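Residue numbers (the working numbering): 371 to 664. Cβ atoms here follow ideal geometry from the backbone N, Cα and C, with glycine treated the same way. Keep in mind the model is a prediction, meaning the values are calculated, not measured. First up is the structure itself, then whatever we jot down about it.
Here it is as structure tokens:
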């Protein structure tokens, strides 16, 4: 059965595991384990078995040299996160200028419709208040004008592990969270949407229906309609939410939690940054599975 491959919500495959991914492409398969029940599953990466591949990343640099090869094999769709939080809430993310350069390169290889900008998540803190975000967002929208048509936004979900991370950040750097209610978030989201519209970019909400308004539409990050339009194809898969408010279509994620060394303080995919770095450093790029099973 054909499927959409998600690479990946659980870790940054383009940034840290590009060699591993290309080895799996060469072998035509990858092994994934369900993170909740440990069930093993082999996923085919043969061209005839893949509807499309959706990449999620903050750094496509290591994957860019392989894009033309992948372009000949698969339908590709890119979700590129650029927030301007590097060095504040993102410990090891590349600079905004490097990210913009990569973004433009991908857009030129494919098209502005293939690469989506994620300004996500928005985390209001004592160091990253509304003026900080308005300045960053306006600058990024201006630089990305003509290279993308969409921007996805959300506010950080404060899972228990995320709260613990911010408690630690407060102790380390004195940066404290500022909590906004839904009305404040909605007004700010529509303010961003108004700015984006001036640069030919439409803002979409990610898992946040309450943000939808005059300048914000409900988003589908894994968007089959967009992929079908880009590739003049007719992929048919159902909407399959990954969490409340999610509008994504069904895909199979090949990533693994606790393997991304970016060190983003708001990240839901890492419960332990030290373990994530250890997993990254010990991974075998020629293994069928991203990291060794314990």
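Exercise. So what does residue 515 bridge to, in DSSP terms?
Worked result: As a working note, residue 515 is residue 145 in the chain shown. BP columns for residue 515 point to 518.
For this session: Look at the Cβ atom of residue 580, then the Cβ atom of residue 552, and state whether they are nearer than 8 Å.
Result: The residue given as residue 580 occupies position 210 in the chain shown. The residue given as residue 552 occupies position 182 in the chain shown. Yes.
Exercise. Roughly how many angstroms separate the alpha carbons of residue 561 and residue 516, rounded to a whole number?
Worked result: Taking the first residue of the chain shown as 1, we reach residue 561 at position 191. Taking the first residue of the chain shown as 1, we reach residue 516 at position 146. Roughly 20 Å separates the two Cα atoms.
Exercise. If you draw a straight line from the C-alpha of residue 528 to the C-alpha of residue 642, how long is it?
Worked result: Along the chain shown, one-based indexing puts residue 528 at 158. Along the chain shown, one-based indexing puts residue 642 at 272. Near 15 Å, if we compare the C-alpha coordinates of residue 642 and residue 528.
Problem set entry | Spatial distance of residue 454 from residue 495 (CA atoms) | In the chain shown, counting from the first residue as 1, residue 454 sits at position 84. In the chain shown, counting from the first residue as 1, residue 495 sits at position 125. One C-alpha to the other measures close to 14 Å.
Exercise. Are residue 372 and residue 420 close, meaning C-beta to C-beta below 8 Å?
Worked result: The residue you call residue 372 lines up with position 2 of the chain shown. The residue you call residue 420 lines up with position 50 of the chain shown. Against a cut-off of 8 Å, the Cβ pair of residue 420 and residue 372 comes out as a contact.
Exercise. At what residues does the alpha helix (DSSP H) containing residue 384 begin and finish?
Worked result: As a working note, residue 384 is residue 14 in the chain shown. Note, residue 384: alpha helix (DSSP H), 383–386.
For this session: Measure how close the beta-carbons of residue 446 and residue 480 come, nearest whole angstrom, since I'm counting them as under 8 Å.
Result: Position 76 of the chain shown, counted from the start, is the residue given in the question as residue 446. Position 110 of the chain shown, counted from the start, is the residue given in the question as residue 480. Their Cβ separation, rounded to whole angstroms, is 7 Å, which keeps residue 446 and residue 480 in contact under 8 Å.
For this session: Note down the Cα distance separating residue 593 from residue 618, rounded to an integer number of angstroms.
Result: Stepping through the chain shown from its first residue, residue 593 is reached at position 223. Stepping through the chain shown from its first residue, residue 618 is reached at position 248. Approximately 6 Å, taken between the alpha carbons.
Exercise. Which residue spans inside the region 388–449 form an unbroken beta strand (DSSP E) run of at least 3?
Worked result: 399–403, 410–414 and 420–427
For this session: With DSSP as the reference, label residue 466 as helix, strand or coil.
Result: For the purposes of this step, residue 466 is identified with residue 96 of the chain shown, where counting begins at 1. In the structure shown, residue 466 sits in a helix (DSSP, three-state: H, G or I).
For this session: List the whole-angstrom C-beta distance separating residue 621 from residue 374, where the pair is believed to meet the contact cut-off of C-beta under 8 Å.
Result: To locate residue 621, count along the chain shown from 1; it is residue 251. To locate residue 374, count along the chain shown from 1; it is residue 4. Yes, they are in contact, since the Cβ atoms of residue 621 and residue 374 sit about 4 Å apart, within 8 Å.
For this session: Please report the residue range of the beta strand (DSSP E) in which residue 377 lies.
Result: Walking along the chain shown from the start, residue 377 turns up at place 7. Unbroken beta strand (DSSP E) run through residue 377: 373–377.
Exercise. With a CB to CB cut of under 7 Å and the five nearest residues on each side skipped, what residues in its chain are close to residue 626?
Worked result: Start at 1 with the first residue of the chain shown, and residue 626 comes out as number 256. 380, 381, 660 and 661.
For this session: On a CA-only basis, which of 400, 636, 386 and 644 is nearest residue 547? Give me that one, please.
Result: Counted from its first residue, the chain shown places residue 547 at position 177. Of the candidates 400, 636, 386 and 644, the one whose C-alpha sits nearest the C-alpha of residue 547 is 636.
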